[in-house]
Ligand code: GLN
């Protein structure tokens with residue numbers, strides 16, 4: 005079976021493990037460099053990107069993840085995970101780093117205090133009908149896309165909230181908390197293609 009890791013330092017790890025297992029992948033939590041080496045794909049969960057950043061450096065997995073991304077490892081990041089995949093992070097805490105790989109800028113906590121969290125239905129052409137019911141929880145947005153990065157979904161005002169670049173996939177929202185599995189299925193297709 006396809007072995008897909010979920011970076012298990014902080015955040016909604018269990019939800020991702022569940023969706024991936026339901027789709028037939030061998031899903032495993034990843035905390036150590038040897039585990040990073042052992043997977044065919046990696047999911048970076050939602051949570052708090054500054055914490056995931058610090059813990060990934062403390063646990064010594066940040067460099068392994070960076071190297072595997074550079075070698076073409078398929079990675080899917082949701083929310084804080086999208087922030088970790090972005091080459092450029094706006095409104096990070098002092099010294100905050102990302103793994104990078106996606107040639108985009110993301111703005112953390114982009115919806116301000118009034119609408120920190122909301123749900124909406126999103127058209128995602130690559131997934132077909134019906135629309136995706138998306139939960140945004142203190143979510144980031146993509147504020148500019150490099151030439152290689154493709155927007156997969158936008159809000160009505162044009163704000164980009166899902167992006168793909170080769171085998172890297174990122175969403176501002178959390179499909180794993182609303183019972184939506186099509187993004188994970190799409191991701192497993194990228195993993196299968198890369199193997
Ligand atoms: N605001 C969080 C961050 O900056 C992301 C929130 C989330 O993952 N739901 O990392």
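Numbering (the UniProt record's numbering), first residue to last: 5 to 199. No residue lacks a Cβ here, since even glycine has one placed at the ideal position from N, Cα and C. Owing to the predicted nature of the structure, the values given are computational and were not obtained by experimental measurement.
Per-residue DSSP class, three states only, for residue 95
Against the chain shown, residue 95 aligns to sequence position 91. DSSP places residue 95 in coil when its eight states are reduced to three.
Am I right that residue 108 and residue 148 are in contact with their C-beta atoms under 8 Å? What's the rounded C-beta distance?
Start at 1 with the first residue of the chain shown, and residue 108 comes out as number 104. Start at 1 with the first residue of the chain shown, and residue 148 comes out as number 144. With 8 Å as the limit, residue 108 and residue 148 qualify as a contact, their Cβ atoms being about 7 Å apart.
From what residue to what residue does the alpha helix (DSSP H) around residue 40 run?
As a position in the chain shown, residue 40 is number 36, starting the count at 1. First-last of the alpha helix (DSSP H) with residue 40: 37-42.
Cβ-heavy atom distance between residue 81 and the ligand GLN below 6 Å?
In the chain shown, counting from the first residue as 1, residue 81 sits at position 77. No, the ligand GLN has no heavy atom inside 6 Å of this Cβ.
Given residue 58 as reference, the closest of 25, 98 and 191 once Cα atoms are compared
Taking the first residue of the chain shown as position 1, residue 58 is located at position 54. Looking at the Cα atoms, 98 is the closest of the given residues.
By how many angstroms is the C-alpha of residue 44 removed from the C-alpha of residue 195?
The residue given as residue 195 occupies position 191 in the chain shown. The residue given as residue 44 occupies position 40 in the chain shown. Distance between the alpha carbons of residue 195 and residue 44 is about 6 Å.
Check whether the Cβ of residue 138 sits closer than 6 Å to any heavy atom of the ligand GLN, and report yes or no.
The residue given as residue 138 occupies position 134 in the chain shown. Because no heavy atom of the ligand GLN lies under 6 Å away, the Cβ of residue 138 does not count as near it: no.
Indicate, with yes or no, if the ligand GLN has a heavy atom lying under 6 Å from the CB of residue 141.
If you number the chain shown from 1, residue 141 lands on position 137. Under cutoff, so the answer is yes.
Is the beta carbon of residue 17 less than 7 Å from the beta carbon of residue 49?
Translated into positions along the chain shown, residue 17 becomes position 13. Translated into positions along the chain shown, residue 49 becomes position 45. A contact, by the Cβ cut-off of 7 Å.
Tell me whether residue 193 sits in a helix, a strand or coil according to DSSP, three-state version.
Indexing the chain shown from 1 puts residue 193 at position 189. Reduced to three states, the DSSP call for residue 193 is helix.
Around the Cβ of residue 169, are there at least 16 other Cβ atoms within 10 angstroms (buried) or fewer (exposed)?
For this step, residue 169 is matched to residue 165 along the chain shown. Looking at its Cβ environment, which holds 16 or more other Cβ atoms inside 10 Å, residue 169 is buried.
If you follow the alpha helix (DSSP H) that residue 26 is part of, which residue opens it and which one closes it?
Numbered from 1 along the chain shown, position 22 holds the residue referred to as residue 26. Per DSSP, residue 26 belongs to the alpha helix (DSSP H) from 17-26.
CB residue 144 to CB residue 176, shorter than 7 Å?
Numbered from its first residue, the chain shown carries residue 144 at position 140. Numbered from its first residue, the chain shown carries residue 176 at position 172. Result yes, Cβ atoms of residue 144 and residue 176 sit closer than 7 Å.
Where the beta strand (DSSP E) through residue 82 begins and ends:
By one-based count along the chain shown, residue 82 stands at place 78. 79-82 is the span of the beta strand (DSSP E), which, as asked, contains residue 82.
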